[in-house]
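K.L.:
When we follow our numbering, the leftmost residue of the sequence shown carries the number 30, and every step to the right adds one.
Here it is, the structure, as structure tokens.
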Amino acid sequence: MKLPKFEVEQWMTDYENDAVCNLTDTCIPALTVKELLAMDEAGDFQNVRLDYGAITGDLRVKEEILKLYQSGDSDSITTSQGCLQGNEMVMETLLEPGDHVITFKPGYQAFSDYPRALGGTVTELPLYEDDNWQPSVSDLEEAMKQKTKLIILNDPNNPTGIRFNDAFITRMIELAKEQGTWILSDEVYRDPACPSVSDLYDRGISTGSLSKMYSLAGLRFGWIKGPHDLIQKINERRDYSIISTGPLADTLAYIALKNKERLLERAENVIQANREIIQDWLKNEPACSVVLPEFCTVSFLKYEGDIPSKQLALDLLKKHGVFFVPGACFFHENHLRLSLTADPEVMKQGLSLLSSYLHQN
Ligand SMILES: Cc1ncc(COP(=O)(O)O)c(C=O)c1O
């Protein structure tokens, strides 16, 4: 199976370490092991036995994951090494050559190129910036005239940070029911107070992880929630790849999820501080605009002018140490992925350097 270069991930790999002002990181600043273990009041971590652990995922951690949803039981959940691997497991389990898949752009490249690499045909529906990055129901109705095996969304979406609106989700589920279409929703940026497609539709699948809003990307811990028969099939495939996520990650994930309110509050404070700085900056920056999300770590900033986004991002990095992922990595020019995770002073400084650059060029 051949896969093209994953543009956004390669950009991060190539340039992230040169960043002085990183204005594009999708994760709330990571916790240290010490900070996480300070939440381990019961001393669970010290008693971890380093066998394979529960093969289909530790029961205690699955019960904590279930609290992020409205429905399901422990057989509705399996664990993965991050959300990305969860997505891969779902696509590999469901898709066969010739299957039609619908996804959205700008979006995360894995959702178009991975199904293509599996031999599927992919329709990418636009998200409309002038409609707050929403998709159109009529585009979906048109695309679903072709029998569709799977719809893949990322809700909230990377790079826009915006949630799909309820009316669209309702219509999408109606259309999916008519054909028995599966819906995979990558909910790695989801606020658990918001609906999950896996609670709304019996062929709805949610993937998530502790990487973004829970500040623990280094744990490489994620999950899949879906109907029992699909989870069972995924568990059977896991025997060929990871066997289990292991008791070390399972226990640390359990400790994190037991303390999710604290972690989510921390995330909210970081996002809110960044939102305010961005809103203030925009008041005096006519060359830029952005649809700011309520509660997500990313947004997609539009800038005026003719400079290609890769050139702009590289110039800013080399001259001033300000780091963005260019829109070109999402196949969408005149945009930069602007995160809401930076230290406030870094955000202010980086935005001011962006302004100077835009007005000099
Ligand atoms: C939409 C989306 N899904 C998954 C991932 C990766 O998540 P994880 O670290 O849990 O594998 C990312 C990371 O940027 C992402 O943006």
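All residues carry an ideal CB built from backbone N, CA and C; glycine is no exception.
1) As a quick check of your reading: which residues have a C-beta less than 6 Å from at least one non-hydrogen atom of ligand 1, in chain order?
2) Would you kindly work out how many angstroms separate the C-alpha atoms of Ile131 and Glu70, rounded to a whole number?
3) Rounded to a whole number of angstroms, what is the C-alpha to C-alpha distance between Arg231 and Leu179?
4) Taking DSSP's pairing of strands, which residues face Gly237 in a bridge?
5) With 16 other CB atoms within 10 Å as the buried threshold, where does Ser273 fall?
6) Where does Ile106 fall in DSSP's three states?
7) Going by beta carbon distance, what residues of the same chain come within less than 7 Å of Pro188, once the five residues before and after it are set aside?
8) Please work out which residues of its chain come closer than 8 Å, Cβ to Cβ, to Ala371, disregarding the five sequence neighbours upstream and downstream, and give them in chain order.
9) Beta carbon of Asn183, beta carbon of Trp162: below 8 Å?
10) Helix, strand or coil for Ala345 per DSSP?
11) Tell me whether Cys56 sits in a helix, a strand or coil according to DSSP, three-state version.
12) Per DSSP, what kind of secondary structure is Ile306 in: helix, strand or coil?
13) On the DSSP bridge list, what partners appear for Trp40?
14) Mapping DSSP to helix, strand and coil, what is Tyr218?
15) Evaluate the contact criterion for the stretch 258-266 versus the stretch 278-298: three or more CB pairs, one atom per stretch, below 8 Å.
16) Is DSSP giving Leu281 helix, strand or coil here?
17) Give me the Cα-Cα distance between Leu95 and Arg89, rounded to the nearest whole angstrom.
18) On a Cα-Cα basis, can you pick out the residue from Gly255, Leu281, Ser385, Pro373 that is closest to Ala316?
19) Would the beta-carbon of Pro355 fall within 8 Å of that of Lys339?
20) Would you list the one or two residues that DSSP bridges to Leu387?
21) Asn51 by DSSP, collapsed to three states: which one?
22) Determine the contact status of Ser103 and Lys91, defining contact as a CB-CB distance below 8 Å.
P.N.:
Reading it off the structure:
1) Per the Cβ criterion, the list is Thr55, Gly111, Cys112, Leu113, Tyr137, Asn183, Asn187, Asp215, Val217, Ser238, Ser240, Ala246, Gly251.
2) Between the alpha carbons of Ile131 and Glu70 lies a gap of roughly 45 Å.
3) At residue 231 the sequence reads Asp, which differs from the Arg that was named. Using only the alpha carbons, I get a separation of about 13 Å.
4) Under the DSSP definition of a beta bridge, Gly237 partners with Trp252.
5) Answer is buried; the Cβ neighbour count reaches 16.
6) Note: Ile106 maps to strand in three-state DSSP.
7) For Pro188, the CB contacts under 7 Å within the same chain, skipping 5 residues up- and downstream, are Pro135, Val327, Phe329, Phe359, Arg366 in chain order.
8) Excluding five sequence positions before and after Ala371, the CB atoms of its chain that fall closer than 8 Å to its own CB belong to Cys50, Asn51, Leu52, Asp54, Asn303, Gly379, given in chain order.
9) Annotated as distal: Asn183 and Trp162, with beta-carbon spacing of 8 Å or more.
10) The amino acid occupying residue 345 in the given sequence is Leu; Ala does not appear at that position. If DSSP states are grouped into helix, strand and coil, Leu345 belongs with the helices.
11) Here Cys56 sits in coil by DSSP.
12) Taken through DSSP and simplified to helix, strand or coil, Ile306 comes out as helix.
13) In the DSSP assignment, Trp40 is bridged to no other residue.
14) Reduced to three states, the DSSP call for Tyr218 is coil.
15) Per the Cβ contact rule, the stretch 258-266 is not in contact with the stretch 278-298 (fewer than 3 Cβ pairs under 8 Å).
16) In the structure shown, the three-state DSSP call for Leu281 is helix.
17) Looking at the two C-alpha atoms, the distance is approximately 10 Å.
18) Comparing Cα positions, the closest option is Ser385.
19) In this structure, Lys339 lies closer than 8 Å to Pro355 by Cβ.
20) Within the DSSP bridge table, the entry for Leu387 names no partner.
21) Shown here, Asn51 sits in a strand according to DSSP, grouped into three states.
22) Going by C-beta atoms, Ser103 is nearer than 8 Å to Lys91.
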